[in-house]
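Residue numbers (the UniProt record's numbering): 1 to 247.
Just below is one structure, and these are the notes that go with it.
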Amino acid sequence: MKLQHHLGGIENLGPVDLDTRVFAEPWERRIFGIHTTMMAESAHLAHASPAYPIHALPTKFKSDWTWASLRTGAEDMQPFEYFKYRYYEKWLSGIAQFFVDAGYISAEELELGSAFYYSHPDAALPDRPSPPLAAQVSAYLKQGDSCYHAPGGAPRFNAGDKVRIADPEAVDHTRLPGYLRNKTGIVDLVYPGRFSYFVSTGVDGIGEPMPVYRIAFDAVDVWGAGKSEPNTTLYADLYEAYVRAAS
């Protein structure tokens, strides 16, 4: 699997940054705003819950853009490049590559624009969005969109069941932490209803709506006795596609 899917427990990755600021630099706010605006204009919202008037928005953006899009773009980076950049630099890389790949801007235009603002950091930024777009972004920030679906059929497992986590084929984007693959835990909670995801992960297993479980792991079983504090429990929310009956 990709290295960035398996960070838990890996040694010698360098010191841990304990900075608690959400935005360490002013430009990071702008990247978060761009991503949020793209999600608020995403074409998939026409069929999301709640539904939004996407087709009436005065925008040239006609693509799907979700958290899955952002994460896939970041996780598709070469592993050593992934570790080299800051959190929002990964966001910027994924967003910029998406706009080039989708044909909204050429690589040359991106390079020229970047060079201009690098040389003129105080230059005026593009105009603010029109009132309908601003209202859409505000509504999306308040309401979001949900991957929740009503219950349908009984879940395979119940609270208290001993389960083993699957080890599916590696894909570009997964919701399964690599350090939990093949580990054994106990179902702590079965969340009501079923849940889908923004995209299908293919052979990784997430597609149609399915139950999600909160599973408890003894830290010693995950990290080993030498790297775990005693009496420590790790909890993970996992899609049913990743859960197997323990043998």
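Using N, Cα and C, we set each Cβ at its ideal position, and we do this for glycine too.
Problem set entry | Chain-order list of residues whose beta-carbon lies under 6 angstroms from that of residue 164 (same chain, five-residue window excluded) | 184, 244, 246
For this session: Give me the Cα-Cα distance between residue 176 and residue 124, rounded to the nearest whole angstrom.
Result: 42 angstroms
Exercise. Just how far apart, CA to CA, sit residue 223 and residue 234?
Worked result: 10 angstroms
Problem set entry | the region 94-110 contacting the region 66-84, beta-carbon criterion three pairs below 8 angstroms | yes
Problem set entry | Sufficient close CB pairs (3 or more, under 8 angstroms) joining the region 143-157 to the region 37-52 | yes
Problem set entry | Own chain, CB closer than 8 angstroms to residue 167, minus 5 neighbours either side, in chain order | 181, 182
For this session: Alpha carbon to alpha carbon, how far is residue 61 from residue 149? Give it in angstroms, no decimals.
Result: 28 angstroms
For this session: For residue 128, count neighbouring Cβ atoms within 10 angstroms of its own Cβ and tell me buried if that reaches 16, exposed if not.
Result: exposed
Problem set entry | Buried/exposed call for residue 36, threshold 16 Cβ in 10 Å | exposed
Problem set entry | Residues sharing a beta bridge with residue 185, DSSP | 163
Problem set entry | Start-to-end residues for the beta strand (DSSP E) that takes in residue 212 | 212-218
Exercise. Bridge partners of residue 233, per DSSP?
Worked result: 218
For this session: Tell me whether residue 45 sits in a helix, a strand or coil according to DSSP, three-state version.
Result: helix
Exercise. In terms of residues, what are the limits of the beta strand (DSSP E) holding residue 243?
Worked result: 243-245
Exercise. With DSSP run on the structure shown, which of helix, strand or coil describes residue 23?
Worked result: coil
Exercise. Where DSSP assigns a beta bridge to residue 149, which residues make up the other side?
Worked result: 194
Exercise. How many angstroms separate the CA atom of residue 29 from the CA atom of residue 23?
Worked result: 6 angstroms
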